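Enquirer:
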Amino acid sequence: MLYIILLSILGVILFLIIILLNIIFIKLSKRMPLKEFSDIDLSHSQYKEYENTIKEAFKFFKDIKYKELNIKSYDNLNLYANYYDNNSDKTIILVHGYRATPLNNFCMVAKNYYLKGYNILMIIQRSHGKSEGKYITLGDKEKRDLLLWIEKINELYNPKSIFIHGLSMGAATILLASKYIKSNNVKGLIIDCGFDYSINAIYYGLIKFLKLKSKLITYLVGFIGLFYGVNLFKNKCYKNVKDNKIPILYIHGNNDNLVPIKLGYKNFNNTNSKKEFIETNAYHAMSIYFDYENIINKIDEFINNN
-2 MLYIILLSIL GVILFLIIIL LNIIFIKLSK RMPLKEFSDI DLSHSQYKEY ENTIKEAFKF
58 FKDIKYKELN IKSYDNLNLY ANYYDNNSDK TIILVHGYRA TPLNNFCMVA KNYYLKGYNI
118 LMIIQRSHGK SEGKYITLGD KEKRDLLLWI EKINELYNPK SIFIHGLSMG AATILLASKY
178 IKSNNVKGLI IDCGFDYSIN AIYYGLIKFL KLKSKLITYL VGFIGLFYGV NLFKNKCYKN
238 VKDNKIPILY IHGNNDNLVP IKLGYKNFNN TNSKKEFIET NAYHAMSIYF DYENIINKID
298 EFINNN
């Protein structure tokens, strides 16, 4: 009798653990409503020093016409992007990060790109904004979407050169896709604070957002993801980048507490193509604000040399 009671208790505990892990996975991965920085008071945020500059950049793009593009993902989702045609033979593809929007992540650097005369494709990642999708997959499925966007741009416009710039999860998406990019006109990748492994993104995300520091919980959450069709275990940027042949410019802040800079250096050290690393004193996804002039100059130099 006692044996049956103990088994029942263990069964209940196991059931509750599984429920909790599902809740954690969904909390970290589900689609969330997003607001543009132009509609938010930034005076009490980490962007407060840059609020006026950010709002000016948003206004700049509000006054520019763009074309909405659409692709169908391999798993039948409708995905969208905004294409800013600048009559250039160079196109920049911008890949935003986790629970972000293209302009929230790139308004300042995108303004620089446009003023330099480049075309810009701001993709809206799956499970963000207008693009369909229920769960964010930390690059697992997004990498395949990016390859389709490259095909789309070449099919419609066939620019002489393409540069792909990603931030955080967007940067990791590019690294995961890098070894599969076959288009000869993709000339360079700009990787700002990308993680090295999707499981590590979960690990540091748990610490930052849920105050949970546990490798065990991290791997269990990753295991739960398999039941949602998301395989986080196979997404190792530092491995994929070994087979990449495209030049890469890395940017990372040494005060990043969401994607520690050591993860960026791991990707860099495993990169066999032409490469460069810019280290700033910034927090996560803040390098462009902390060291704007230097980063813009380095990006311009990178594009001009490739």
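Sequential numbering of the sequence shown, starting at -2, is according to this note's numbering.
Glycine residues also receive a C-beta, built at the ideal position from the N, C-alpha and C atoms.
All values reported here derive from a predicted model rather than from experimental measurement.
1) So is residue 179 buried or exposed if we call it buried at 16+ other beta carbons inside 10 Å?
2) Roughly how far, in whole angstroms, is the beta-carbon of residue 167 from the beta-carbon of residue 92, given that I think they are within contact range, below 8 Å?
3) Quick check on DSSP: helix, strand or coil for residue 14?
4) So who's on the other strand from residue 189, going by DSSP bridges?
5) Assuming the contact rule is C-beta atoms closer than 8 Å, residue 182 and residue 157 should be a hit. Round their C-beta distance to whole Å, please.
6) Please classify residue 64: does DSSP put it in a helix, a strand, or coil?
7) Where does residue 107 fall in DSSP's three states?
8) Output needed for residue 240: all residues of its chain with C-beta closer than 7 Å, excluding positions within five of it in sequence on either side, in chain order.
9) At the level of alpha carbons, what is the spacing between residue 130 and residue 27?
10) By how many angstroms is the C-alpha of residue 6 removed from the C-alpha of residue 357?
11) Quick check: the segment 83 to 103 against the segment 114 to 125, are there 3 or more CB pairs under 8 Å?
12) Terminal residues of the continuous beta strand (DSSP E) containing residue 272?
13) Please look up how many angstroms separate the CB atoms of residue 296 and residue 187, rounded, as I've assumed it's under 8 Å.
14) Going by beta-carbon coordinates alone, are residue 279 and residue 302 separated by less than 8 Å?
15) Between residue 227 and residue 196, what straight-line distance do the alpha-carbon atoms span, to the nearest angstrom?
16) From 244, 63, 88, pick the residue whose C-alpha is nearest to that of residue 77; which is it?
17) Could you check which residue in 14, 206, 249, 170 has the C-alpha nearest to that of residue 94?
Expert: Well, looking at it:
1) By the 10 Å Cβ count, residue 179 comes out exposed.
2) Contact annotation, residue 167 with residue 92: C-beta distance approximately 4 Å; criterion of less than 8 Å satisfied.
3) The three-state reading of DSSP puts residue 14 in helix, counting H, G and I together.
4) DSSP lists 164, 248 as partners of residue 189.
5) Right, their Cβ atoms sit about 6 Å apart.
6) Three-state DSSP puts residue 64 in a strand.
7) Of the three classes helix, strand and coil, the one that applies to residue 107 here is helix, per DSSP.
8) If the five residues before and after residue 240 are omitted, its C-beta is found closer than 7 Å to the C-beta atoms of 176, all from its own chain and listed in chain order.
9) Cα to Cα, residue 130 sits roughly 9 Å from residue 27.
10) The structure shown does not extend to residue 357, since the chain spans only -2 to 303, so no value can be given for it.
11) Proximity of the segment 83 to 103 to the segment 114 to 125 meets the contact definition, three or more beta-carbon pairs being nearer than 8 Å.
12) For residue 272, the uninterrupted beta strand (DSSP E) segment begins and ends at 272 to 277.
13) Right, their Cβ atoms sit about 6 Å apart.
14) Going by C-beta atoms, residue 279 is not nearer than 8 Å to residue 302.
15) It is roughly 11 Å from the alpha-carbon of residue 227 to the alpha-carbon of residue 196.
16) Of the candidates 244, 63, 88, 63 places its Cα closest to the Cα of residue 77.
17) Measuring from the Cα of residue 94, the nearest candidate turns out to be 170.
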